[in-house]
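Number of protein chains: 2
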Amino acid sequence: MIAAIIGGGVIGGGWAARFLLMGWDVRVFDPDPEAERKIVEVIDNARRSMPGLYDAALPVEGALRFCETLSDTVAGADWIQESVPERLELKRKVYQQVQAHCSPDTVLASSTSGFKPSDLQSCATRPDQIVVAHPFNPVYLLPLVELVTVGANSDIAVRAKAHLKAVGMFPLVLEAEIDAHVADRLLEAVWREALWLVKDGVATTEEIDEAIRMGFGLRWAQMGLFETYRIAGGEAGMRHFLAQFGPALKWPWTKLMDVPDLDDALIDRIAAQSDAQSGHLSIRALERQRDENLVAILRGLRRRNAGAGGWLAQHEATLAGAPSLGDVTRPILTARRAIPLDWTDYNGHMNEARYLEVFAAATDRFMEMIGCDAAYIAAGHSYFTAETHIRHLGECHAGDVVEVRTTCLSGDGKKMHLFHDLVRQGDCIATGEHMLIHVSLETRKSCPPISPVTETLKDVAKAHAALDRPDGAGRFVGQGR
Amino acid sequence: MIAAIIGGGVIGGGWAARFLLMGWDVRVFDPDPEAERKIVEVIDNARRSMPGLYDAALPVEGALRFCETLSDTVAGADWIQESVPERLELKRKVYQQVQAHCSPDTVLASSTSGFKPSDLQSCATRPDQIVVAHPFNPVYLLPLVELVTVGANSDIAVRAKAHLKAVGMFPLVLEAEIDAHVADRLLEAVWREALWLVKDGVATTEEIDEAIRMGFGLRWAQMGLFETYRIAGGEAGMRHFLAQFGPALKWPWTKLMDVPDLDDALIDRIAAQSDAQSGHLSIRALERQRDENLVAILRGLRRRNAGAGGWLAQHEATLAGAPSLGDVTRPILTARRAIPLDWTDYNGHMNEARYLEVFAAATDRFMEMIGCDAAYIAAGHSYFTAETHIRHLGECHAGDVVEVRTTCLSGDGKKMHLFHDLVRQGDCIATGEHMLIHVSLETRKSCPPISPVTETLKDVAKAHAALDRPDGAGRFVGQGR
Chain A
1 MIAAIIGGGV IGGGWAARFL LMGWDVRVFD PDPEAERKIV EVIDNARRSM PGLYDAALPV
61 EGALRFCETL SDTVAGADWI QESVPERLEL KRKVYQQVQA HCSPDTVLAS STSGFKPSDL
121 QSCATRPDQI VVAHPFNPVY LLPLVELVTV GANSDIAVRA KAHLKAVGMF PLVLEAEIDA
181 HVADRLLEAV WREALWLVKD GVATTEEIDE AIRMGFGLRW AQMGLFETYR IAGGEAGMRH
241 FLAQFGPALK WPWTKLMDVP DLDDALIDRI AAQSDAQSGH LSIRALERQR DENLVAILRG
301 LRRRNAGAGG WLAQHEATLA GAPSLGDVTR PILTARRAIP LDWTDYNGHM NEARYLEVFA
361 AATDRFMEMI GCDAAYIAAG HSYFTAETHI RHLGECHAGD VVEVRTTCLS GDGKKMHLFH
421 DLVRQGDCIA TGEHMLIHVS LETRKSCPPI SPVTETLKDV AKAHAALDRP DGAGRFVGQG
481 R
Chain B
1 MIAAIIGGGV IGGGWAARFL LMGWDVRVFD PDPEAERKIV EVIDNARRSM PGLYDAALPV
61 EGALRFCETL SDTVAGADWI QESVPERLEL KRKVYQQVQA HCSPDTVLAS STSGFKPSDL
121 QSCATRPDQI VVAHPFNPVY LLPLVELVTV GANSDIAVRA KAHLKAVGMF PLVLEAEIDA
181 HVADRLLEAV WREALWLVKD GVATTEEIDE AIRMGFGLRW AQMGLFETYR IAGGEAGMRH
241 FLAQFGPALK WPWTKLMDVP DLDDALIDRI AAQSDAQSGH LSIRALERQR DENLVAILRG
301 LRRRNAGAGG WLAQHEATLA GAPSLGDVTR PILTARRAIP LDWTDYNGHM NEARYLEVFA
361 AATDRFMEMI GCDAAYIAAG HSYFTAETHI RHLGECHAGD VVEVRTTCLS GDGKKMHLFH
421 DLVRQGDCIA TGEHMLIHVS LETRKSCPPI SPVTETLKDV AKAHAALDRP DGAGRFVGQG
481 R
């Protein structure tokens, strides 16, 4: 698949990064001589943070090419993303040139945060090819994209949604078109209010930021406005909440009905406060902090299968494919993943507990492969780990892509004895040896497995008995080599 | 310390829970016959989610008592928190009664989301005792509290800030008083905007929630509005951002300047959409989801030492105390903590990788105790784990308070051989045996430790040589008992 990115900058670069890391080839058109440097910086940020979001490796990265002409950029593309400055006449001109060279079946999407599709479509050669796909910075980490397909033909609309999902985005499809769509309407409201607070000297930019991230920002990372307020209403429900808090709308906060004048004095004040707050950090450093925090938040939500983390988990399932033992005459591939940013510790490498996290996930995958899957577990049986031995032979770092190869040392009766090799580019970085016991989840006591787990496990153990016994198996801590 | 909670409900109950779990005794006054049940439900939610937020155990829970009279409730209290309904006359009456019975040195704080201190202080016997301390739901998880001490005497202001910090809250001290303080001004702006979007049929409550939690809600959980926009401005900075996006304020979004009428039709629509979105879950189930998500987000940020997680880490340091070996003739206490909500896996108990997370933290603590602390590591040396053996003897569950007792099996030359017992109420649930190697962080190769680590480690190893060798030491995976 090919994505054409028209207009670089932070947003265009973010789109380029997402498509590229999801395996698409990407062509970029931007006449700015600085465009290549800027886009590559964004892509580097993405390479650092995005692969480790998932518990499965991303596809092989696509090819990136900078083009000299619009026609070169869009010919044969499956997706065209326009992210040029927010000037309607400029955008309309771009579409006329693009439509002269692209297929009518290609989605032609605008990153505009303000214009409606009908604004963009008028004057176009084929208006019904144009949609709004408004993303949020950083585009390579945040799943939200507002997809407004009003006025587009249904093939384009269907294809747009499917492509966005394929690259891991959450398309919020809006049935009505309005200026600034939905999210930016909410952001604009907060922005105006925040400007008043700064202008009136009630709070500094830093205090406003703390008021958000120490409080409701945490709530909004996992539930939105209405679900949060539904809870506030208690058992009496949303209606009760509205009855209780609705009257606040009539309070005499008359300033809320006005817009502050963004004059030089206010601009000076905001710029100075922002410098005091964050001026000791470069934008690059701030971006890295932001991305590391977002990875930590998203991975936390992913484990909970909640909000944006639930969306990640769904996408991940499509990346990892169905569990399959494959060729049982060799060790089984039970994991393939990148090391996340937030797994690094004070020694500058992957923390030891994360090795067991990787091995535990590999064991889970092996269990699925032999039939001890979610349905089997829901029916009341599972394996518990009784004993583990880990050897560290090298160091893993954030971003490393690693695989786990699993040998079944025995699988008789209630026991399952596994040996994992954690491999990076052919080198074994660590091994994990694990004894698991089959249990009843009701009694929490050991018991023999049930068909077909019993037979499948025996078959794998039998096939693996022909392999060399792994070097590190059966060793104790401190044993001489 | 004693906290008096006047007015139960979700906010009063949240305050009660936070004080209680931070070791304060709590007295509650609320004439509602349902108050006790409601408050205990909130406290149960807090007991489930809050202790595991920290990597150190919370203090022993205080005593909870429901009082019949206001005078009984406030006599001798160190903090009085008023959370009665938002009616000014009612609040003023409460203060008059309270001040007849409480010490003038006690902080008398209101949870009001709308009133200014001066509103509350007028008609009071001692106006300068009254402050606003406006928290956010769930009070036991979100650190933010808006502290407005305008009109209060300086002793009260100082004490208010110190007490709030002692119970883990982040007091945002506002120097100016305005209706609705800061955070609720921002929330009110979003709320009005969201009502328009629903009323105009642009988006449903669920779509608005997704627009938040899939996008800017994730950003705001770790940076606020201004720091996020500073990044959007790029290297050109905040001034550039303002120049670029300021004009949006003048766009013809005239509706933003008006307030929608919250009539029956709009209430019906919101209630119906909210039922469609979340009606399949009870409020209790939603609360649990919210709390589990917040724990996951906060713990992610805590590892990064960022935002609310940085605040948690600071508070945790005061809970855990300074590292100290204590009596070296016995195993060393290297961890004491509650098991977090988000550590549970599909088997309904603590995931195996988290055992190593606990053991790794215990090893870190032991390293600090022998002098291999942050300064030693910053100077270029550390220990790497080479090998680990874990035995599971029982099951841990979310909320369990566990300890780690560490025996040093040897500490000669470059090696450090540790044995951890993970203990819950006297029962050993798991053991961890670890071989660590002292390294240069520059060469990444082994080397002997430096004074005083060398000597301290030898002393501990010598003292521990007199102890019985731990039962599980030196065993390999699958060895018969």
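As given, the protein sequences belong to chains A and B, one line each in that order. Residue 411 in our numbering sits at position 411 of the first sequence, and the numbers go up by one each step. Residue 131 in our numbering sits at position 131 of the second sequence, and the numbers go up by one each step. Using N, Cα and C, we set each Cβ at its ideal position, and we do this for glycine too.
Within the segment 299-380 of chain A, note down every full beta strand (DSSP E) run reaching 3 residues or more, in order along the chain.
332-338
Start-end ranges of the alpha helix (DSSP H) lying completely within the segment 184-240 of chain B, minimum 4 residues:
205-211, 217-220 and 225-232
In chain B, which residues lie less than 7 Å from P143 of chain A when you measure between Cβ atoms?
By 1-based counting over the first sequence, the position of residue 143 of chain A is 143. Residues of chain B passing the Cβ test: M214.
Out of A:F216, A:K91, A:A57 and A:I178, state which residue places its alpha-carbon closest to the alpha-carbon of G201 of chain B.
By one-based count along the second sequence, residue 201 of chain B stands at place 201. The candidate whose alpha carbon is nearest that of G201 of chain B is A:I178.
Helix or strand or just coil, what does DSSP make of Y383 of chain B?
Translated into the one-based positions of the second sequence, residue 383 of chain B becomes position 383. Strand, per DSSP.
Kindly say whether E433 of chain A, judged by its beta-carbon, lies nearer than 9 Å to any beta-carbon of chain B.
For this step, residue 433 of chain A is matched to residue 433 along the first sequence. So yes, E433 of chain A belongs to the interface.
Status (buried if at least 16 other CB within 10 Å, exposed otherwise) for L90 of chain B
Reading the second sequence from its first residue, position 90 is the one you call residue 90 of chain B. Classification of L90 of chain B: exposed, given that the 10 Å Cβ count is below 16.
Starting from the Cα of R230 of chain B, find the closest Cα among A:R303, A:S282 and A:V148 and give me that residue.
For this step, residue 230 of chain B is matched to residue 230 along the second sequence. Looking at the Cα atoms, A:S282 is the closest of the given residues.
Looking at chain B, which residues of the segment 316-346 of chain A have a Cβ within less than 7 Å of any of its Cβ atoms?
D342 and Y346
Contact check, A16 of chain A vs I39 of chain A under 8 Å by CB: the rounded distance?
Here the question's residue 16 of chain A lines up with position 16 in the first sequence. Here the question's residue 39 of chain A lines up with position 39 in the first sequence. Confirmed, Cβ separation roughly 6 Å.
Any beta carbon of chain B sitting closer than 9 Å to that of L90 of chain A?
Counting from 1 along the first sequence, the entry for residue 90 of chain A is found at position 90. No, no contact with chain B.
Cβ-Cβ distance between H101 of chain B and V84 of chain B below 9 Å:
Counted from its first residue, the second sequence places residue 101 of chain B at position 101. Counted from its first residue, the second sequence places residue 84 of chain B at position 84. In this structure, V84 of chain B does not lie closer than 9 Å to H101 of chain B by Cβ.
Bridge partners for W79 of chain B per DSSP, in chain order?
The residue labelled residue 79 of chain B in the question sits at position 79 within the second sequence. Partner(s): B:A3 and B:V107.
Burial state of T205 of chain B, where buried means 16 or more other Cβ atoms lie within 10 Å
Within the second sequence, numbered from 1, the residue matching residue 205 of chain B stands at position 205. T205 of chain B should be labelled buried.
Helix, strand or coil at H419 of chain B according to DSSP, with G and I counted as helix
The sequence position of residue 419 of chain B within the second sequence is 419, counting from 1. One point to set straight first is that residue 419 of chain B is Phe, not His, in the sequence displayed. If DSSP states are grouped into helix, strand and coil, F419 of chain B belongs with the strands.
Buried or exposed (CB count within 10 angstroms, at least 16 for buried), Q479 of chain A:
Along the first sequence, one-based indexing puts residue 479 of chain A at 479. It counts as exposed.
Mind checking if Q314 of chain A is an interface residue toward chain B, Cβ cutoff 9 Å exclusive?
Position 314 of the first sequence, counting from 1, holds the residue named residue 314 of chain A. No, no contact with chain B.
Among B:V423, B:T363, B:T407 and B:G9, nearest to I339 of chain B - alpha-carbon criterion
In the second sequence, residue 339 of chain B corresponds to position 339, counting from 1. Nearest option by C-alpha distance: B:V423.
Touching or not, the segment 137-154 of chain B and the segment 187-199 of chain B, by the rule of three or more beta carbon pairs under 8 Å?
no
Span of the beta strand (DSSP E), counted from its first residue to its last, around E89 of chain B
Your numbering for residue 89 of chain B matches position 89 in the second sequence. Here E89 of chain B belongs to no beta strand (DSSP E); instead the alpha helix (DSSP H) covers L88 to Q99.
Could you list which residues in chain A have their beta carbon closer than 8 Å to that of V182 of chain B, in chain order?
Start at 1 with the first residue of the second sequence, and residue 182 of chain B comes out as number 182. Correct list: L197, V202, A203, E207, I208 and A211.
Measure from the C-beta of Y140 of chain A to each C-beta in chain B and report whether the shortest distance is under 9 Å.
In the first sequence, residue 140 of chain A corresponds to position 140, counting from 1. Chain B, which has no Cβ nearer than 9 Å to the Cβ of Y140 of chain A, makes this no.
Compare the C-beta of W191 of chain B with all C-beta atoms of chain A and state if any pair is closer than 9 Å.
Numbered from its first residue, the second sequence carries residue 191 of chain B at position 191. Chain A contact via Cβ: present.
Establish whether the CB of N153 of chain A and some CB of chain B are separated by less than 9 Å.
Residue numbering aside, residue 153 of chain A sits at position 153 when the first sequence is read from its first letter. Not one chain B Cβ lies under 9 Å of N153 of chain A.
Boundaries (first-last residue) of the alpha helix (DSSP H) holding I11 of chain B
The residue labelled residue 11 of chain B in the question sits at position 11 within the second sequence. Taken as a continuous stretch (DSSP letters only), the alpha helix (DSSP H) holding I11 of chain B covers G9 to L21.
Please return the same chain residues whose Cβ sits closer than 7 Å to the Cβ of L325 of chain A, not counting the five positions on each side in sequence.
As a first step, residue 325 of chain A must be located in the first sequence, where it is residue number 325. Contacts found: I332, M369 and V460.
Run the CB neighbour count on G7 of chain B, radius 10 Å, all protein chains shown included, and call it buried at 16 or more, exposed below.
The sequence position of residue 7 of chain B within the second sequence is 7, counting from 1. Flag for G7 of chain B reads buried.
Apart from the five residues on each side of it in sequence, which residues of its chain come closer than 6 Å, Cβ to Cβ, to P51 of chain B?
Counting from one through the second sequence, the residue named residue 51 of chain B turns up at place 51. L58 and A338, listed in sequence order.
At the 9 Å Cβ level, is S282 of chain B part of the contact set with chain A, yes or no?
Along the second sequence, read from residue 1 onward, the residue named residue 282 of chain B stands at position 282. Yes, S282 of chain B counts as interfacial toward chain A.
Decide if D264 of chain B is buried, meaning its Cβ has at least 16 other Cβ atoms within 10 Å, or exposed.
Counted from its first residue, the second sequence places residue 264 of chain B at position 264. Label assigned to D264 of chain B: exposed.
Whole angstroms is fine: what's the gap from F226 of chain B's alpha carbon to E36 of chain A's?
Stepping through the second sequence from its first residue, residue 226 of chain B is reached at position 226. Stepping through the first sequence from its first residue, residue 36 of chain A is reached at position 36. If I take the Cα positions, the gap works out to 27 Å.
Going by alpha carbons, who is nearest to T431 of chain A out of B:S382, B:E387 and B:E455?
By 1-based counting over the first sequence, the position of residue 431 of chain A is 431. Measuring from the Cα of T431 of chain A, the nearest candidate turns out to be B:E387.
How many angstroms separate the CA atom of A463 of chain B from the CA atom of C408 of chain B?
One-based indexing of the second sequence puts residue 463 of chain B at position 463. One-based indexing of the second sequence puts residue 408 of chain B at position 408. Roughly 9 Å separates the two Cα atoms.
For Q289 of chain B, decide whether its Cβ has a neighbour in chain A, counting only Cβ atoms nearer than 9 Å.
Taking the second sequence and counting its residues from 1, the one referred to as residue 289 of chain B is at position 289. By this cut-off, Q289 of chain B is an interface position.
Need the endpoints of the alpha helix (DSSP H) that A265 of chain A sits in, please.
For this step, residue 265 of chain A is matched to residue 265 along the first sequence. D264 to S278 is the extent of the alpha helix (DSSP H) around A265 of chain A.
Which bits of chain A does T385 of chain B rub up against, with CB to CB less than 7 Å?
By 1-based counting over the second sequence, the position of residue 385 of chain B is 385. Ordered by position in chain A, the residues that pass the 7 Å Cβ test against T385 of chain B are E352 and H392.
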